[in-house]
Amino acid sequence: MRATIRVRVLAEDGPQVWLAVSGRLARSTAPMLTGALRLREAEGFTVLFVDVGALADDRELTLQEIRDLFPGGRRLAFHIIGSADDLRLQPGHDRRFVFHPGPASAWTVWVRGPSTMPSTRGRKTVLPSVRTRSRRSSLGSIT
70 MRATIRVRVL AEDGPQVWLA VSGRLARSTA PMLTGALRLR EAEGFTVLFV DVGALADDRE
130 LTLQEIRDLF PGGRRLAFHI IGSADDLRLQ PGHDRRFVFH PGPASAWTVW VRGPSTMPST
190 RGRKTVLPSV RTRSRRSSLG SIT
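Numbering (the numbering used here), first residue to last: 70 to 212.
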């Protein structure tokens, strides 16, 4: 079976970007996800909300390979939305990850702003003006 993965930018605000990932996570599609995350980091985003609710894991990757999908660095924070169990990520092992069971709890954090980053503690809460994108990610899909 050929695996495909799609990464779409749904919204961005300041250092935050909301990505929706769908398709199958497999050895052949893992570089696509990594590339999409690295591209967002290169664009200056430091807080990445990654919705994996529509992502199926083919169980080809080890736990370490799944962790390696996400770029390293102390300045990045990843809000994983959906079933982290499906990706076999476990809370508490990496401070860069925040887990949300669904979009509602992630949206609450999004609206508050990037308060999960150490350098922004004590920051005044301001409602963001969210820009949404209807175009597909520049990375597209692979099969």
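Here a beta-carbon is modelled for each residue, glycine too, at the ideal position from N, C-alpha and C.
Item	Value
Looking at the unbroken beta strand (DSSP E) that takes in Ala125, where does it start and where does it end?	Val116 to Asp126
In the DSSP assignment, find the beta strand (DSSP E) that holds Glu81 and state where it starts and stops.	Ile74 to Asp82
For Thr103, which residues from the same chain have a beta carbon less than 6 Å from its beta carbon, with the 5 sequence-adjacent residues on both sides left out?	Leu138
Mind checking Asp82: buried by the 16 CB within 10 Å criterion, or exposed?	buried
Put Gly104 into one of helix, strand or coil per three-state DSSP.	helix
Please state whether the Cβ-Cβ distance between Arg109 and Val90 is less than 8 Å.	no
Name the DSSP beta bridge partners of Arg93, please?	Ala125
Would you mind giving the Cβ-Cβ distance between Val76 and Met101, rounded to the nearest angstrom? I have them listed as a contact below 8 Å.	7 Å
Using only CA atoms, which one of Asp163, Gly171, Arg164 and Pro183 lies nearest to Gly122?	Gly171
Give me the Cβ distance between Leu106 and Leu117, rounded to the nearest whole Å; I'm assuming they're in contact under 8 Å.	6 Å
What did DSSP end up calling Leu138 once you bin it into helix, strand or coil?	coil
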